[in-house]
Amino acid sequence: MRKAVEGYRRLESDLQGLLELWPEMSAEEHAEMQPELERAERELDELYHQTLLSFPYAENAAILTLKPGAGGTEACDWAEMLYRMYTRFAERHGFSLEVIDLEPGAEAGIDYAQFIVRGENAYGLLSVEAGVHRLVRPSPFNAQGKRQTSFAALEVMPEVDESVDVKINPEDLRIDVMRSQGKGGQGVNTTDSAVRVVHLPTGILVKCQVTRSQQKNKEMAMNILRSKLFEIEYKKKQEELARLRGETRPNEWGSQIRSYVLDKQYIKDHRTGEMRHDPENVLDGDLESLIWAGLEWKAGRREAVATEDEE
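Mapping of the sequence shown onto our numbering: position 191 corresponds to residue 191, and the numbering continues sequentially without gaps.
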């Protein structure tokens, strides 16, 4: 945030100098200064984006968990479409993506996916994607091509390391090892390298089969568990603050955030009202306009809460 403020002040000084000289400039000089004005506009956009990402842990890696809703094969296929969408988004931004667990559906698609996206402001950008995503299309799994509605839920949380104070009692853990399954490849299946960690007090289950190393998989599973417990505690504090303010907030995990209506060629974000009429591009990872609109919406909510606190 400090960098954004410093950049804004520098840009403000530059623009002030230009404005003072502008009335005395000729048309030719105005044309020469046009590139400077365009540069200033680009920098203003960048600074604005930085302010939208000025919330806790925005710069961290993002842990994404995808689960299909009821609907069998169609829902599993939708979950896989979303998994590909976020994979393509990561590629477009030069982010790395590491699969923690990927379980195939019985007939098609995926039944569960958990993966980490690492890159500049990965959690900040992807945080607004959390929620329920709704698909409407003529189903390719229906012989009559009947129009069908499917749902998939996405959870997004920041990855936190051991520097964050999260207490985990070893006695509260059950750790199992097993053969890797699913799309992990044949190489990892030859040893008991997959690790499953269950946090008994909360029932949280984390499974990791990323590498052939049981120890590395255990470390990764513990890191995911730490991040999850941290998120639960953080949300409890936010909900308590909301209760003290007298707010009634929707259940974000159960809230439908976006509809993808493929037979009518549109996508609508139900929080921001943002509409797109190029679903192929969106499903290929072109999420920028939807994400920035979501971040503006999120910033507006934070500003409204801050205003209420001042009153």
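For each residue, glycine too, the CB sits at the ideal point set by N, CA and C.
{"Query": "Under DSSP, the alpha helix (DSSP H) around Val-282 begins and ends at which residues?", "Result": "279-283"}
{"Query": "Please go through the same chain and pick out, in chain order, the residues whose beta-carbon is closer than 8 Å to the beta-carbon of Pro-250, but skip the five residues on each side of it.", "Result": "Bear in mind that the predicted position of Pro-250 carries a pLDDT of just 45, short of 50, making it too unreliable to give a figure here."}
{"Query": "What residues in its chain sit with their C-beta under 6 Å from that of Gly-273, if we drop five residues either side in the sequence?", "Result": "none"}
{"Query": "Going by the DSSP bridge assignment, what does Cys-208 pair with across the sheet?", "Result": "Val-195"}
{"Query": "Since Asp-45 is in the alpha helix (DSSP H), which residue starts that stretch and which ends it?", "Result": "27-52"}
{"Query": "Just checking my contact of Gly-131 with Gln-34 at CB under 8 Å: how many whole Å lie between their CB atoms?", "Result": "Rounded, the Cβ-Cβ distance is 42 Å, inconsistent with contact."}
{"Query": "What is the DSSP secondary structure of Arg-320, reduced to helix, strand or coil?", "Result": "In the structure as shown, the chain begins at 1 and stops at 311. Residue 320 is therefore absent and cannot be evaluated."}
{"Query": "Which word fits Asp-269, buried or exposed, when buried means at least 16 other C-beta atoms lie within 10 angstroms of its C-beta?", "Result": "buried"}
{"Query": "On the DSSP letters alone, give me the boundaries of the alpha helix (DSSP H) that Leu-135 sits inside.", "Result": "That residue, Leu-135, is in no alpha helix (DSSP H); its beta strand (DSSP E) goes 131-138."}
{"Query": "For the region 142-150 and the region 83-95, state whether three or more C-beta atom pairs, one from each stretch, are separated by less than 8 Å.", "Result": "no"}
{"Query": "Short of 8 Å in beta carbon distance, which residues of its chain neighbour Ile-291, apart from the five on each side in sequence? Order them along the chain.", "Result": "Leu-125, Leu-126, Val-128, Glu-129"}
{"Query": "Starting from the Cα of Lys-218, find the closest Cα among Met-178, Leu-47, Pro-201 and give me that residue.", "Result": "Met-178"}
{"Query": "Report yes if the CB atom of Val-166 is closer than 7 Å to the CB atom of Leu-229, and no otherwise.", "Result": "yes"}
{"Query": "Check whether the Cβ atoms of Tyr-123 and Ala-62 sit closer than 7 Å, and answer yes or no.", "Result": "yes"}
{"Query": "I'd like to know whether the C-beta atoms of Ala-194 and Ser-213 end up nearer to each other than 7 Å.", "Result": "no"}
{"Query": "Output needed for Glu-59: all residues of its chain with C-beta closer than 7 Å, excluding positions within five of it in sequence on either side, in chain order.", "Result": "Asn-121, Gly-124"}
{"Query": "Residues in its own chain within less than 7 Å of Leu-283 by CB, not counting five upstream and five downstream?", "Result": "Met-81, Met-85"}
{"Query": "May I ask you to report which of helix, strand or coil DSSP gives Val-177?", "Result": "strand"}
{"Query": "DSSP three-state call for Gly-17: helix, strand or coil?", "Result": "helix"}
{"Query": "How would you call Gly-185, buried or exposed, if buried means at least 16 neighbouring beta carbons within 10 angstroms?", "Result": "The predicted model places Gly-185 with a pLDDT of 43, which falls under 50 and marks its position as unreliable; any figure quoted below should be read in that light. By the 10 Å Cβ count, Gly-185 comes out exposed."}
{"Query": "By Cβ distance below 8 Å, which residues in the same chain neighbour Ser-227 in space, the five residues on each side in sequence not counted?", "Result": "Ile-63, Met-157, Pro-158, Glu-159, Val-160"}
{"Query": "Could you give the residue range of the beta strand (DSSP E) that holds Ala-152?", "Result": "147-158"}
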